[in-house]
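In the working numbering, the protein residues as written are 78 to 506. Ideal Cβ positions, reconstructed from N, Cα and C, are used throughout, including at glycine. Structure record follows, encoded as structure tokens.
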Amino acid sequence: MRCRFVIAVVSAVCFVAQSVAFIHAADRKIEFNRDVRPILSNNCYLCHGPDKNQLQAGLRLDQRDSAVGKLESGHTAIVPNDISAGELVKRITSANPDEQMPPKASGKSLTPADIETLKLWVAQGAEYQGHWSFLAAVRRDPPATKFTNNVRNDIDRFVLAKLEQVGIEPSGEADKITLIRRATLDLTGLPPTPAEVDAFLADASPEAYERVVDRLLQSPRYGEHQGRIWLDAARYGDTHGLHLDNERSLWPYREYVINAFNQNKPFDQFTIEQLAGDQIPNATVEHKIASGFNRCNVTTSEGGSINDEVLVRYAVDRTEALSTVFLGLTLQCAVCHSHKFDPVTQKEFYSLYSYFYSMSDAAMDGNALLPAPTLKLPTSEQTARMKQHDDELAALRKSITDELAKVQYVDPLAGAEIPAAALAVFRQE
Numbered sequence: 078m079r080c081r082f083v084i085a086v087v088s089a090v091c092f093v094a095q096s097v098a099f100i101h102a103a104d105r106k107i108e109f110n111r112d113v114r115p116i117l118s119n120n121c122y123l124c125h126g127p128d129k130n131q132l133q134a135g136l137r138l139d140q141r142d143s144a145v146g147k148l149e150s151g152h153t154a155i156v157p158n159d160i161s162a163g164e165l166v167k168r169i170t171s172a173n174p175d176e177q178m179p180p181k182a183s184g185k186s187l188t189p190a191d192i193e194t195l196k197l198w199v200a201q202g203a204e205y206q207g208h209w210s211f212l213a214a215v216r217r218d219p220p221a222t223k224f225t226n227n228v229r230n231d232i233d234r235f236v237l238a239k240l241e242q243v244g245i246e247p248s249g250e251a252d253k254i255t256l257i258r259r260a261t262l263d264l265t266g267l268p269p270t271p272a273e274v275d276a277f278l279a280d281a282s283p284e285a286y287e288r289v290v291d292r293l294l295q296s297p298r299y300g301e302h303q304g305r306i307w308l309d310a311a312r313y314g315d316t317h318g319l320h321l322d323n324e325r326s327l328w329p330y331r332e333y334v335i336n337a338f339n340q341n342k343p344f345d346q347f348t349i350e351q352l353a354g355d356q357i358p359n360a361t362v363e364h365k366i367a368s369g370f371n372r373c374n375v376t377t378s379e380g381g382s383i384n385d386e387v388l389v390r391y392a393v394d395r396t397e398a399l400s401t402v403f404l405g406l407t408l409q410c411a412v413c414h415s416h417k418f419d420p421v422t423q424k425e426f427y428s429l430y431s432y433f434y435s436m437s438d439a440a441m442d443g444n445a446l447l448p449a450p451t452l453k454l455p456t457s458e459q460t461a462r463m464k465q466h467d468d469e470l471a472a473l474r475k476s477i478t479d480e481l482a483k484v485q486y487v488d489p490l491a492g493a494e495i496p497a498a499a500l501a502v503f504r505q506e
């Protein structure tokens, strides 16, 4: 009797504790893309996602209409605002192996935090969002925060409000040596020099830190450090990447990216120039170099390779790079089948792929430094010499024009014209 009583008390305490925790957590606003989609995609989409060949029970948890609609069984997976009515919450909290989701055979399992998040999401209305990369950016008003003493700009308000939400006190301001070290490493990838540290320590003005940041943004090292992240995503490499892995001359594209960051080039212009710079009307050399983004793929000249297969690999590589860098999508899965997680079918992948498959380049790179098609450009030294020659030629042409302007033309036959009367007689004869 005592044992049963203890068990009952413990069960009641656990139930109350869970209920209190759920009520407290209900203050947290759940966002589908941030909080829910990762849970569903990792644990549920294989059987309840976009792949119609794997679909079970006619339920798609990636689409709200299916999730809240009637299923083949007559049940409903999700009843918004009611965690006790739908099958989703019932299955993920069930201890019955015949009902439990995900099933044990799948090798998947939800953590208590995952279950809590899904329950909160349903309780808050089970709102869905489109794929994050398809959502337009929205300007939001800076949130209020109790840490007003730490606010210097609106960005601080967003950061501090998030700290407040998760119960973290903001750290105190770092000392000046730490500040300049952090700023210099973040913006240039290099530590500050002793002279730079001394200058910052000696500057007691309120704008001292801002001046450091402005100086770092003007440094050529800024573009080199920031550009490396873009170059990694663009698959830039100084070698072909396969077979003999010989050197290739792609460095002008690298310099284009570095200069774009240093010049703070508008992102829309940065995008257009890389995707189709050579197709811009009256394209400049810089525009053509920018389109080297499409030439950063790994190439080969390996013996025994089949040309058609190599060209397919090139087109797949370019399609995947475009989607990852510019669309915010990972399309690799759609090479072989419709994507399991992102909203892309295999047909859509190859529709985009066909654009890149039409590019005119040879399958084999010949292990050459400049495999065709190429854009041969002068070096900086040659450009300087050409400018010098052009300036000298312009000066010579000007001197010739000036001398010619001084010459007065005198007709040598002036005054020796045939008299009109004689000319008339000549014509009559």
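Cα-Cα separation, residue i to residue j
i    : j    : result
V465 : T478 : One detail in the question is off: residue 465 reads as Gln in this sequence, not Val. Rounded to whole angstroms, Q465 to T478 spans 20 angstroms at the Cα level.
L470 : E287 : 47 angstroms
D385 : N374 : 16 angstroms
S368 : F211 : 24 angstroms
A513 : T451 : Within the shown structure, residues of the chain are numbered from 78 to 506, placing residue 513 beyond reach of any answer.
G135 : K424 : 22 angstroms
G207 : Q133 : 23 angstroms
A285 : I254 : 12 angstroms
F426 : R474 : 58 angstroms
P420 : T225 : 42 angstroms
G184 : A238 : 38 angstroms
C121 : V243 : 28 angstroms
V290 : D438 : 44 angstroms
K181 : W198 : 24 angstroms
W307 : D139 : 31 angstroms
L256 : E246 : 19 angstroms
Q131 : L123 : 7 angstroms
G381 : Y432 : 27 angstroms
G126 : A144 : 11 angstroms
G314 : R331 : 9 angstroms
W209 : A279 : 46 angstroms
T460 : K223 : 59 angstroms
H152 : L165 : 10 angstroms
I383 : R390 : 11 angstroms
R372 : E458 : 26 angstroms
S476 : V484 : 13 angstroms
R325 : F277 : 42 angstroms
Same chain, Cβ closer than 7 angstroms to residue i, neighbours up to 5 away in sequence not counted
i    : result
S296 : T265
L267 : T261, R298
M463 : P455
A98  : In this prediction, A98 has a pLDDT of 45, which is less than 50 and means its spatial position is unreliable; nothing more can be read from the coordinates.
A360 : G354
I192 : I169, T170
G163 : T153, A154, I155, V156, V199
Cβ shell of residue i (< 6 angstroms), same chain only, five flanking positions each side left out
i    : result
V338 : The displayed chain sequence assigns Phe, not Val, to residue 338. So the qualifying residues of the chain are G300, Q303, G304.
D442 : H317, T376, S378, P448
P157 : G202, A203
E397 : L408, Q409
P329 : I366
D355 : K365, S368
Q177 : S171
A411 : V421, Q423, F426
H416 : C410
A200 : I160
Bridge partner(s) assigned by DSSP for residue i
i    : result
M441 : T377
K147 : T153
Q316 : Strictly speaking, residue 316 in this sequence is Thr, with Gln absent from that position. Answer by DSSP bridge pairing, in chain order: E324.
Which of helix, strand or coil DSSP assigns to residue i
i    : result
T456 : coil
A89  : Residue placement at A89 is poorly supported in this model, since its pLDDT is 44, which falls under 50; the coordinates still yield a value, given next. In the structure shown, A89 sits in a helix (DSSP, three-state: H, G or I).
H416 : coil
H125 : helix
I245 : coil
A238 : helix
E250 : coil
I107 : coil
A98  : Only weak support is given to the placement of A98: the predicted model assigns it a pLDDT of 45, under 50, and the value that follows is read from those uncertain coordinates. DSSP places A98 in helix when its eight states are reduced to three.
D468 : helix
L256 : helix
K365 : helix
T478 : helix
L117 : helix
H208 : coil
G405 : coil
D488 : coil
Contacts around residue i, its chain only, beta-carbon distance under 8 angstroms, and the 5 residues preceding and following it disregarded
i    : result
D322 : T316
Y430 : A392, V393, T396
A251 : R259
G146 : T153
**Message:** Count Cβ pairs between the stretch 172–191 and the stretch 116–124 that sit closer than 8 angstroms; are there 3 or more?
**Reply:** Yes, they touch.
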